[in-house]
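Down below is the structure, laid out as structure tokens.
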Amino acid sequence: MSELDGEVMEKSTPESGALPDDWCLRHFDHLSPDLAATMPDTMARMRELCPVARSEEHDGFWVVSTYEDVLGVAQNWEVYSSAHGLGVSKAPTVVRNLPVQADPPDQRIFKRLINPFFTPAAVAPWERPTRELVTRLIDDFIEDGGCEFMDAFARPLPSLTFFDLALNAPADDLEKVAYLASKSSVPDDPEARECWLGLYQWIKDFTRARRGGPEHGDVVDAVLNARIDGRPITEDEIIGTVQLLILGGLETTAGALGLMVARFCAEPEIPALLRARPELIPSAIQELLRLEPSFVSVGRTAMRDADLGGRQVKKGDKVLIHWASANRDAGEFTDPDRFELDRERNRHLSFGAGPHRCAGSNLARLNLRVALEELLRRLDDIRLRDGAKIEYHRGLTRSPLSLPITFTPGPRLGPS
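Residue numbers (the UniProt record's numbering): 1 to 416.
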């Protein structure tokens with residue numbers, strides 16, 4: 001008899017730090033701050049207890065936690081649709097996030113529209129201005145011997161580079177847009193609906209202003225001038241496409257940076273190795289992304305009855321696939337909880353998989369590489385500030401809400 005059929009034996013939180021078994025098996029809630037705090041241990045317990053579990057929360061949905069099952073759902077868009085997502089938000093988006101909330105063939109049209117602007121060749125010229133920005137950000141706090149890393153570096157870096165280099169948007173609006181994006185991405189946040197409306201209005205005003213101004217040859221111009229199946233793109237399609245670019249460009253890279261530096265604090269041998277051998281930084285980024293992805297899960301809707309890991313999913317059922325759990329599945333990765341640079345293969349799912357794999361992955365890797373090169377070169381003895389406790393952003397993404405760190409003070413490189 002399985003734990004789902006009989007009494008659940010484990011009623012209290014196990015020593016591992018995982019949430020109770022009854023929570024894992026029946027009451028899994030991806031919006032829980034407790035899950036964000038205990039994610040690696042809790043998802044390990046999910047894989048052990050029931051790789052495809054049925055949660056009673058949010059009107060019921062399936063939770064998929066193993067690598068094989070997660071990859072299978074992500075690639076099978078005909079059965080598991082992205083167009084309807086998980087459907088648990090109390091503050092739904094005003095327009096669809098495109099191309100994420102669409103299925104092929106429509107999804108392919110919108111993805112082909114943005115892909116050319118985020119290839120390795122397209123983002124390569126952004127390395128120099130990105131490095132200059134990284135230098136300025138570090139200069140602002142390096143003499144102090146400490147900072148609140150998320151506010152001082154992790155959030156400003158991807159936001160400023162994306163606003164300036166990808167969108168050619170006014171920098172004065174950045175703080176407002178970053179706030180709207182962060183709040184709207186937590187479905188049960190009391191400000192979420194207001195922030196979705198605010199983000200929609202900002203994009204509407206921004207794209208209308210861009211129509212009346214000079215062209216930049218960027219992704220925004222491509223979206224504004226697009227034709228979809230021979231017709232002009234609609235305003236809602238324009239807003240939905242730019243909306244997704246903003247959410248992906250601002251939130252996930254900031255979270256990844258915060259999670260990486262938090263691991264540096266916990267395992268100082270990693271930054272020590274990378275300072276000694278900076279040529280290993282690109283490989284280290286891949287392994288750090290596997291261990292601590294900021295994009296942790298995503299929702300799908302079953303379009304017909306299906307067998308999923310031996311469980312019978314019905315048409316219309318909601319399905320949550322958990323990228324972060326798949327990344328630590330021992331069936332795919334040996335010794336999955338360890339940081340190992342010499343893995344024979346590292347097919348992590350931190351950028352997603354299938355048709356909806358992240359279009360901005362090359363830009364994210366560029367930002368992360370340049371950031372780590374400069375941070376590790378200039379900051380030594382990085383530690384979490386005494387007494388600090390990390391709390392996490394919850395939902396489909398995960399990142400430290402704040403990360404107060406200390407380090408050996410150093411000199412500025414730019415003008416005083």
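The beta carbon of each residue, even a glycine, is placed where N, CA and C say it ideally should be.
Being a predicted model, the structure only gives us computed values, none of them experimental.
Query, Result
"DSSP-derived helix/strand/coil call for F295", "strand"
"Meets three-Cβ-pair contact criterion under 8 Å: the region 315 to 333 and the region 35 to 54", "yes"
"Sheet register partners of R231 (DSSP bridge)", "I228"
"Euclidean distance between Cα positions of V100 and E237", "12 Å"
"Residue closest to F407, alpha-carbon to alpha-carbon, out of L250, S325, V261, A359", "V261"
"Any beta strand (DSSP E) of 3 or more consecutive residues that is wholly inside the region 29 to 84", "52 to 55, 61 to 64"
"Spatial neighbours of A226 in its chain, beta-carbon cut-off 7 Å, leaving aside the 5 residues before and after", "L113, I233"
"Proximal residues to K111 (C-beta, below 7 Å), its chain only, five neighbours per side dropped", "P99, A359"
"Three CB pairs or more closer than 8 Å across the region 142 to 154 and the region 278 to 287", "no"
"E127, enclosing alpha helix (DSSP H) - first and last residue", "127 to 139"
"C-alpha gap between D103 and R304, whole angstroms", "15 Å"
"C-alpha distance - F339 paired with Q201, whole-angstrom precision", "43 Å"
"Whole alpha helix (DSSP H) elements within the region 292 to 376, 4-residue minimum", "323 to 326"
"Complete runs of the alpha helix (DSSP H) confined to the region 137 to 203 [at least 4 residues]", "156 to 161, 174 to 184"
"Anticipated Cβ contact below 8 Å, N97 with L247, distance rounded", "7 Å"
"Per DSSP, the bridge partner or partners of T397", "F295"
"R47 versus V64, A37, S82, residue with shortest Cα-Cα distance", "V64"
"Alpha-carbon to alpha-carbon, S297 and R345", "22 Å"
"For L19, three-class secondary structure by DSSP", "coil"
"Assigned exposure category for D310 - 16 Cβ within 10 Å defines buried", "Reading off the sequence shown, one finds Gly at residue 310, where the question assumed Asp. So G310 counts as exposed."
"G255 beta carbon less than 8 Å from that of S399", "yes"
"For P404, three-class secondary structure by DSSP", "strand"
"Own chain partners of G354 with C-beta closer than 7 Å, once the 5 adjacent residues on each side are dropped", "A74, Q75, W77"
"Nonlocal neighbours in the same chain, by C-beta distance under 7 Å from E251, ignoring five residues either side", "A181, S182, S185, T397"
"Cutoff 7 Å; reference G258; Cβ partners in own chain excluding five residues on either side", "F149, M150, A154, S399, P400, L403"
"Cβ distance (whole Å) where S301 is taken to contact S81 below 8 Å", "Sequence check: residue 301 is Thr here, not Ser. With a Cβ gap of about 5 Å, T301 and S81 count as contacting."
"Best match in P409, P105, A272, S294 for proximity to R394 [C-alpha to C-alpha]", "S294"
"7 Å Cβ shell around P415 - same chain, five flanking residues per side excluded", "none"
"Whether L341 touches C265 by CB criterion (8 Å)", "no"
"Residues near R365 in its chain [Cβ-Cβ closer than 8 Å; skip 5 each side]", "P282, I285"
"Neighbourhood of P271 by C-beta distance below 7 Å, restricted to the same chain and skipping five residues each side", "F264, L376, I382"
"CB-CB length for P40 against D337, believed under 8 Å", "7 Å"
"8 Å contact criterion, which F117 and V219 should meet: CB distance rounded", "4 Å"
"Reference L368; option with closest CA among Q243, P156, V177, E391", "P156"
"Candidates D69, I142, I203: closest to residue 418 by CA position", "Outside the shown range of the chain, which is 1 to 416, sits residue 418, and nothing can be said about it."
"Close beta carbons around A388, own chain, < 7 Å, minus the five adjacent residues each side", "P404"
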